[in-house]
Amino acid sequence: MFDLTGKIALVTGASRGLGWAMAQSLARSGAHVVLNARDPAALDARVGELHSEGLSGEAAAFDVNDTAAVERCVRDTVARHGQLDVLVANAGINHRAPIGDFALADFQRIMNTNLTSVWVLCRAAAGVMAPRRQGRIILTGSISAINARGSISAYVASKGAVHALTRQLAVELAPSEITVNCIAPGFFATEMNTPLLENQEFNDWVCRRTPAGRWGRVQEIGPAAVFLASDEASYVSGLIMTVDGGFTASM
Ligand SMILES: NC(=O)c1ccc[n+]([C@@H]2O[C@H](COP(=O)([O-])OP(=O)(O)OC[C@H]3O[C@@H](n4cnc5c(N)ncnc54)[C@H](OP(=O)(O)O)[C@@H]3O)[C@@H](O)[C@H]2O)c1
133 MFDLTGKIAL
143 VTGASRGLGW
153 AMAQSLARSG
163 AHVVLNARDP
173 AALDARVGEL
183 HSEGLSGEAA
193 AFDVNDTAAV
203 ERCVRDTVAR
213 HGQLDVLVAN
223 AGINHRAPIG
233 DFALADFQRI
243 MNTNLTSVWV
253 LCRAAAGVMA
263 PRRQGRIILT
273 GSISAINARG
283 SISAYVASKG
293 AVHALTRQLA
303 VELAPSEITV
313 NCIAPGFFAT
323 EMNTPLLENQ
333 EFNDWVCRRT
343 PAGRWGRVQE
353 IGPAAVFLAS
363 DEASYVSGLI
373 MTVDGGFTAS
383 M
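So the mapping is simple: this note's numbering equals the position in the sequence shown, first residue as 1, plus 132.
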């Protein structure tokens, strides 16, 4: 079960953190993975890691905010491999500031990367998946879209919209046999959370507040992506799958 042999998957934000963990799990399950991020050297190193394990992958360095580059990547992937089976739209950023000090430019930067680029990616992927009447679209949301927290108003708004977009596209693309789901991670120890990890008080709070009693480990996100990408998940769509050690289930 959950064998992805022969599947072609594009993962954005795949050079580190959760995106890399999902890309690695998809490749280990048999998929050929197109890894995206902005830094080409970091991507080449990750592709090297996949190849050294005998896995299949290639790099596609571009900024997800560059609409032409997104569309070119999807077109080129189909030209090279004949299909795109799985999109994991994962690249995302955060900016922390109280609302009174939050610059409009920062709000727009977060919304562009976390929401607009995701919509553009979904549009491009759906365009090539629909004629084949198959596809798996997986978005990275956040438990911050469910439970709010101080100083990250743009992030929370962008991820709330990603959760809503998941439901919308699940409905809209179901007749084309494309499933659309969202993985909503809890607190994972990645570079994005460096300031939180370095704050002992916050660190202690995460461990107390999370029923599992600890931060998530990046390798704990990959299996969720593998399941949602698999043929076996053909009737799962519109799901917001929290992977959060029980955080959102607890009061
Ligand atoms: N870590 C958590 O606890 C947590 C919790 C909930 C949700 N999430 C979500 O999970 C996703 C991944 O987060 P993470 O913690 O793994 O972050 P991370 O460690 O900072 O990794 C972010 C990845 O996205 C890439 N990226 C950033 N901006 C990009 C752009 N404009 N175009 C293309 N690639 C871009 C980065 O590479 P380059 O800088 O080279 O482009 C990197 O590969 C995000 O959507 C985040 O909101 C994370």
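Glycine included, each C-beta is placed from N, C-alpha and C at the ideal position.
Keep in mind it's a predicted model, so treat the numbers as computed, not measured.
Identified DSSP bridge partners for residue i
i: V165; result: A141, G189
i: L271; result: A221, C314
i: I372; result: C314
i: F320; result: G348
Residue i classed as buried or exposed, judged by whether at least 16 other C-beta atoms fall within 10 angstroms
i: A223; result: buried
i: A356; result: buried
i: A286; result: buried
i: P317; result: buried
i: Q351; result: exposed
i: H164; result: buried
i: Q156; result: buried
i: G363; result: Per the sequence shown, the amino acid found at residue 363 is Asp instead of Gly. That one is exposed.
i: N279; result: exposed
i: T144; result: buried
i: W152; result: buried
Bounding residues of the beta strand (DSSP E) (the contiguous stretch that carries residue i)
i: T311; result: 310-317
i: I225; result: Run containing I225: none; DSSP gives neither H nor E here.
Near ligand 1: residue i beta-carbon under 7 Å from a heavy atom
i: S274; result: yes
i: R265; result: no
i: G282; result: no
i: M373; result: no
i: A306; result: no
i: E352; result: no
i: T248; result: no
i: L150; result: yes
i: F239; result: no
Residue span of the alpha helix (DSSP H) that contains residue i, given as start and end
i: A178; result: Checking the displayed sequence, the identity of residue 178 turns out to be Arg instead of Ala. That run of the alpha helix (DSSP H) goes 172-184.
i: I450; result: Only positions 133 to 383 of the chain appear in the structure, and residue 450 is not among them; the question remains open.
i: Y287; result: 285-305
i: S335; result: One detail in the question is off: residue 335 reads as Asn in this sequence, not Ser. Element bounds for N335: 332-341.
Nearest-angstrom beta carbon gap, residue j and residue i [assumed within contact, 8 Å]
i: L271; j: V294; result: 5 Å
i: L158; j: A361; result: 6 Å
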